[in-house]
Amino acid sequence: MLKHFLEAKVGGSACCWELLGGWQLNRAIMSHKQIYSSDKYDDKEFEYRHVVLPKDIAKLVHKIHLMSESEWRNLGVQQSQGWVHYMIHEPETHILLFRRPLPKKPKK
């Protein structure tokens, strides 16, 4: 049962289950509650936010590609639709950078 929870909630695989072991697995499952989302900030085109993952969950993230929505949701990141993981900040790969287009303002 915990193996299926890990695969669904944390995005791990069967081999990840074997590598984590009981103590680390419980820690990873509990850490999804410690995910921090920043307030939104914007420029003329996009609104942005960053999400800070606990480092034990961040270890499960592939640092060489931008994640799809299903990948970051499987880690436990919760936010409304439309957000895109758009950049990797190399010094702090446990911080995920998201953006989405600002809504178009109606012409007057």
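For reference, each letter of the sequence shown is one residue, going 0 to 107 in numbering that gives the first Met the number 0.
Ideal Cβ positions, reconstructed from N, Cα and C, are used throughout, including at glycine.
Model, not experiment: these values are computed from the prediction.
For residue i, does the three-state DSSP call read helix, strand or coil?
i	result
PRO100	strand
SER69	helix
ILE34	coil
Contact check, residue i vs residue j under 8 Å by CB: the rounded distance?
i	j	result
VAL51	TYR35	4 Å
Compare the C-alpha of residue i against each of the options and name the closest.
i	options	result
TRP82	PRO90, TRP71, GLU89 and GLU91	TRP71
GLN33	ASP55, GLU46, LYS43 and TYR40	ASP55
SER37	LYS106, THR92, PHE45 and PHE97	PHE97
PRO53	LYS107, LEU95, LYS104 and PRO102	LEU95
PRO80	PRO90, LYS62, GLU91 and PRO102	The question names Pro, yet the displayed sequence has Gln at residue 80. Ranking the options by Cα distance to GLN80, first place goes to PRO102.
ILE63	LYS106, HIS93 and ARG99	HIS93
LEU90	GLU68, ALA57 and VAL76	Note on identity: in this sequence residue 90 is Pro, with Leu being the wrong assignment. Selected option, being the one with the closest Cα: ALA57.
MET86	TYR40, HIS49 and LYS39	HIS49
LYS104	TYR40, LYS39 and GLU44	GLU44
Mind checking which residues open and close the beta strand (DSSP E) that includes residue i?
i	result
GLU46	45-51
ILE87	83-87
When we look at the beta-carbon of residue i and count the other beta-carbons within 10 Å, is it buried (16 or more) or exposed?
i	result
MET66	buried
LEU74	buried
HIS88	exposed
LYS106	exposed
Would you kindly report the start and end of the unbroken alpha helix (DSSP H) that includes residue i?
i	result
ILE56	54-57
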